[in-house]
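Engineer:
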Amino acid sequence: MGCMTYVCRKFGEWMRNISQTFRESYPMYIAEFIGTLLYSMTFAITTYPIKLEIPDLTSININESYFIAPLAVGFIVIAMIYAFGHISGGHFNPAITLAVLIRKFITPIDAMFFLLVQFSGAFAGAFLAYAITYDLPYIEPYVDPSTKEGIEDFRCVLVEAIYSFAICIVVINVATTDSQSGNYFYGVSIGMTVAAGLAASQKISGGCFNPALGTALSVTNSLRDEGTIEHIWIYIVSPLIGAVIAGYSFYVVNVAEVEEAAKMVRQSEMRQEIMQYQ
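Sequential numbering from 0 applies to the sequence shown in numbering that gives the first Met the number 0.
#1: With H, G and I counted as helix, E and B as strand and the rest as coil, what does DSSP make of G88?
#2: Beta carbon of F83, beta carbon of A125: below 7 Å?
#3: Indicate the three-state DSSP secondary structure (helix, strand or coil) for G181 in the structure shown.
#4: Closer than 7 Å by C-beta to R223: which residues in its own chain qualify, once you throw out the five before and the five after it? Chain order, please.
#5: State the DSSP-derived secondary structure class of G206, mapped to helix, strand or coil.
#6: Please state whether the Cβ-Cβ distance between S237 and V116 is less than 7 Å.
#7: Using 8 Å as the cut-off, can you tell me whether the segment 208-215 makes contact with the segment 90-102, which would need three or more C-beta pairs spanning the two stretches below that distance?
#8: With DSSP as the reference, please indicate the residues paired to G149 in a beta bridge.
#9: For N172, which three-state DSSP category applies?
#10: Hey, how far is the Cα of S204 from the Cα of E225?
#11: Taking 6 Å as the limit between beta carbons, can you name the residues of its chain near V257, skipping five residues before and five after?
#12: In three-state DSSP terms, what is E366?
#13: Starting from the C-beta of S248, find all residues in its chain whose C-beta is less than 7 Å away, skip the five residues before and the five after it, and write them out in chain order.
#14: Could you give the first and the last residue of the continuous alpha helix (DSSP H) run that contains L114?
#15: Quick check: the Cα distance between I59 and M191, rounded to an integer number of angstroms?
#16: For S119, which residues of its own chain have a beta-carbon under 7 Å away from its beta-carbon, when the five flanking residues on both sides are left out?
#17: Does the Cβ-Cβ distance between A75 and T41 come in under 7 Å?
#18: Going straight from the alpha carbon of G34 to that of H230, what length do you get?
#19: Please list, in chain order, all residues of the same chain as A174 whose beta carbon is under 6 Å from its beta carbon, the five residues on each side excluded.
#20: Looking at the unbroken alpha helix (DSSP H) that takes in P136, where does it start and where does it end?
#21: When DSSP labels each residue in this structure, what does R154 get in the three-state scheme?
#22: Taking all protein chains shown into account, do 16 or more other C-beta atoms lie within 10 angstroms of the C-beta of G297, making it buried, or fewer, making it exposed?
#23: Could you tell me the alpha carbon to alpha carbon distance between I131 and S178, rounded to whole angstroms?
#24: In terms of residue numbering, what span does the alpha helix (DSSP H) encompassing F249 cover?
#25: Just to confirm, are I80 and I189 a CB contact at a threshold of 7 Å?
#26: At what residues does the alpha helix (DSSP H) containing T46 begin and finish?
#27: Assuming Y162 and S200 make a contact with CB atoms under 8 Å, what is their CB distance in whole Å?
#28: Whose C-beta lies closer than 8 Å to the C-beta of S217 among residues of the same chain, with five residues either side of it excluded?
#29: Please look up how many angstroms separate the CB atoms of P69 and L197, rounded, as I've assumed it's under 8 Å.
Written as structure tokens, this is what we have:
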């Protein structure tokens, strides 16, 4: 009976903490939802295959999305970061949230709400793209139109994990460190990393680097007549691998800052102990 009382009390305290956090932090969640929605919608529309064929020149068959998508997605990420970075940090990506959580720059409760609104925003953006274009957006490993052979899963996992790592490590180092505090280039550096990754990997994995976006576009892919959801794990697992490596690499790359923070914590604890004895 006493154990049940303890569990109920702890659960009540946990729920009160969540409720208080939500009341204090809901502007951040709204910002993350809007930013992820626009990111998802832009990605879904611009990465949809659009062929540009020039008559009488049969050797020229260009997929416009290979040029448009990196620019459009990179610019929308830059714009959303500058719009909402001062409110929520401008994650718009569960992989970034995980990396920042490992770096201890966000609380677990806020991270949980971030994930919820990011996935909601990604789905909302994907279906808005469908409402605008009447084409179901999707993402899947590239398939060679001449041979009908797809890219191997391992190659997709590798490129998604590498560029997710790159994005997360850039976010951590330009937006969460004391040495870079107050800089004005953080949005551009993050957005251009996303653009570079998409340009490099669009013909391999699709260039997602975002579990929320990958989940939404895999689900919409399953709604297509010829679509499938079998590749969804690639777009969830790979970015999280990159995020975990990036999050822990902060403690290796920024040794001086980590040691300085630990020193300040020790000094604060010592001051508190001295005040208790006075």
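Where is the CB? At the ideal position from N, CA and C, for every residue including glycine.
Structural biologist: Reading off the structure:
#1: coil
#2: no
#3: coil
#4: L135, Y137
#5: coil
#6: no
#7: yes
#8: V142
#9: helix
#10: 18 Å
#11: Y250
#12: The shown model of the chain, from 0 to 277, leaves out residue 366, and the question about it has no answer.
#13: I168
#14: 107-132
#15: Confidence is the limiting factor: at I59 the pLDDT is only 48, short of 50, which leaves the residue's position unreliable, though a coordinate-based value still follows. I59 and M191: Cα-Cα distance of roughly 28 Å.
#16: F32
#17: The question names Ala, but residue 75 is Ile in the sequence shown. Cβ atoms of I75 and T41: closer than 7 Å.
#18: 25 Å
#19: Y185
#20: Here P136 belongs to no alpha helix (DSSP H), and DSSP marks it neither H nor E.
#21: helix
#22: Residue 297 is absent from the model: the chain starts at 0 and stops at 277.
#23: 43 Å
#24: 231-252
#25: yes
#26: That residue, T46, is in no alpha helix (DSSP H); it is neither H nor E in DSSP.
#27: 6 Å
#28: Y137, I138, E139, I228, H230, I231, Y234
#29: 5 Å
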